[in-house]
Structures are given as structure tokens and as C-alpha cells.
Amino acid sequence: MNLAENKKFFLQYEALEQYEAGIELLGIEVKSAKNNQAQLDGSRVLVRGGEAFLVGATIPPYQASNTKEDYDPTRARRLLLNHKQIVELYDYSEQRGLTIIPISMYNKGNLVKLKIAVARGKKKYDKRQDIKKRDTERDLGRTLKR
106 MNLAENKKFF
116 LQYEALEQYE
126 AGIELLGIEV
136 KSAKNNQAQL
146 DGSRVLVRGG
156 EAFLVGATIP
166 PYQASNTKED
176 YDPTRARRLL
186 LNHKQIVELY
196 DYSEQRGLTI
206 IPISMYNKGN
216 LVKLKIAVAR
226 GKKKYDKRQD
236 IKKRDTERDL
246 GRTLKR
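127 is the number that my numbering gives to position 22 of the sequence shown; each next residue is one higher, with no gaps.
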């Protein structure tokens, strides 16, 4: 079950490699994410000091009245990956033109997982081609349905 999704990802980026990562959340953040209040738009993954962090994602507290005053909904959250994956992501992040973007946040049992992708930004003409292809497939589906 998807808890949050980066809806513009497939329009703006081309995914080269995908990974599944655990995410370190507080209890109030887990409850909030399970209520579909998390937002991944504009977020990315940084690899620093041998660890990966989710930056720019917004997860508001479950109950705003019961949270600490110093709680930051946009704080950096550590991603749980093995060492080999972190090294691969670091190598990708050092390459020019590549970035690491979260695609979706979802449940896997009782755990909250994050699907991330190494991505390259699409050019304007690539986006136009994707939109045109999607429209033709939609029209074809409509005519076949009739």
C-alpha cells in the first residue's frame, strides 16, 4: 500500500537504477505516514559520511497538539541501506547529471519502506514524447473499449 508518492517523478526523470530502503522515523511520523500525510515532492537523497539521508520530504506530526515544540517536519531522515548499496549510491551521486530521488513510500509488513531511484533529468523534448505516447495509448484504449 502506497503511503506517499512522488507523482511527477516519471514525467521529470528517467530512472536508471532502483533501490528499496528502510527509513528511520519517529513514532508520530509513522502514524502520520500511515494516514497518507507524507509528501515526497521536491525531496531527494544525499549520501554523506557513509550514510544516506532523505532531505526535503515533509512528514507532519500525527497529532500536532501532542508533539514537542522543536519538531521539524522537514528534517533529514536516515535511510537504512547496506554498505554496498551506500557505496553504489555515492558513486552515482558523484557523477554529473545524476541524482537520487525517492519514488514512493509504502508499507511492507509493519515496516515503512522507501523506493528510491538513481535518475537523470529529462529534456523538454523527452517529456513531450512521453506525453504524446501516453495520449495515443489512452486514445487507442478508448477505441478498443468501444
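Built from N, CA and C at the ideal position, the CB exists for glycine as well.
Closest by CA to L186, which one among L159, D231, L249?
-> Here the question's residue 186 lines up with position 81 in the sequence shown. Closest option to L186, Cα to Cα, is L159.
9 Å Cβ cutoff met for S148 and Y167 | Here residue 148 refers to the residue found at position 43 of the sequence shown. Here residue 167 refers to the residue found at position 62 of the sequence shown. Going by C-beta atoms, S148 is not nearer than 9 Å to Y167.
Per-residue burial, Y176 [other beta carbons within 10 Å of its own, 16 or more giving buried] = Along the sequence shown, one-based indexing puts residue 176 at 71. Label assigned to Y176: exposed.
Runs of beta strand (DSSP E) lying entirely within the region 141-184, each at least 3 residues, in chain order | 149-153, 156-160
Whole-number beta carbon distance between V152 and S198, since they are thought to touch under 8 Å | Working through the sequence shown from its first residue, we reach residue 198 at position 93. Working through the sequence shown from its first residue, we reach residue 152 at position 47. Indeed they touch by this definition, with Cβ atoms about 5 Å apart.
Going by the CB atoms, is the gap between T172 and G161 shorter than 9 Å?
-> For the purposes of this step, residue 161 is taken as residue 56 along the sequence shown, with counting starting at 1. For the purposes of this step, residue 172 is taken as residue 67 along the sequence shown, with counting starting at 1. Their beta carbons are not under 9 Å apart, which means G161 does not touch T172 by this criterion.
Provide the residue(s) that pair with V192 in DSSP beta bridges, ordered along the chain.
-> Taking the sequence shown and counting its residues from 1, one reaches residue 192 at position 87. According to DSSP, V192 bridges with nothing at all.
Run through DSSP, which three-state label would E242 get?
-> Here residue 242 refers to the residue found at position 137 of the sequence shown. Residue state, collapsed to three classes: helix.
Out of A120, M106, L249, point me to the one whose CA is closest to I221's CA.
-> Translated into the one-based positions of the sequence shown, residue 221 becomes position 116. The shortest C-alpha separation from I221 is found at A120.
What residues are listed by DSSP as bridge partners for Q123?
-> Residue mapping note: residue 123 aligns to position 18 of the sequence shown, counting from 1. Its beta-bridge partners are A222.
Residues that DSSP places opposite Y230 in a beta bridge | Along the sequence shown, read from residue 1 onward, the residue named residue 230 stands at position 125. According to DSSP, which records beta bridges pairwise, Y230 is partnered with nothing at all.
Where do the ends of the beta strand (DSSP E) carrying V134 lie?
-> Mapped onto the sequence shown, residue 134 falls at position 29. The question names Val, but residue 134 in the sequence shown is Glu. No beta strand (DSSP E) contains E134, which is instead part of the alpha helix (DSSP H) from 132-139.
Hey, quick one: how far does the alpha helix (DSSP H) through L116 stretch, first residue to last?
-> Stepping through the sequence shown from its first residue, residue 116 is reached at position 11. It spans 114-117 - the alpha helix (DSSP H) in which L116 sits, taken as one unbroken run.
Compare the beta carbon distance of G127 and L216 with 9 Å and say whether it is the shorter of the two.
-> Looking up residue 127 in the sequence shown gives position 22. Looking up residue 216 in the sequence shown gives position 111. Yes, these two residues count as a Cβ contact at 9 Å.
Kindly give me the distance between the Cβ atoms of A181 and I164, rounded to whole angstroms, as I take these residues to be in contact under 8 Å.
-> In the sequence shown, counting from the first residue as 1, residue 181 sits at position 76. In the sequence shown, counting from the first residue as 1, residue 164 sits at position 59. Not confirmed; about 12 Å, so no contact.
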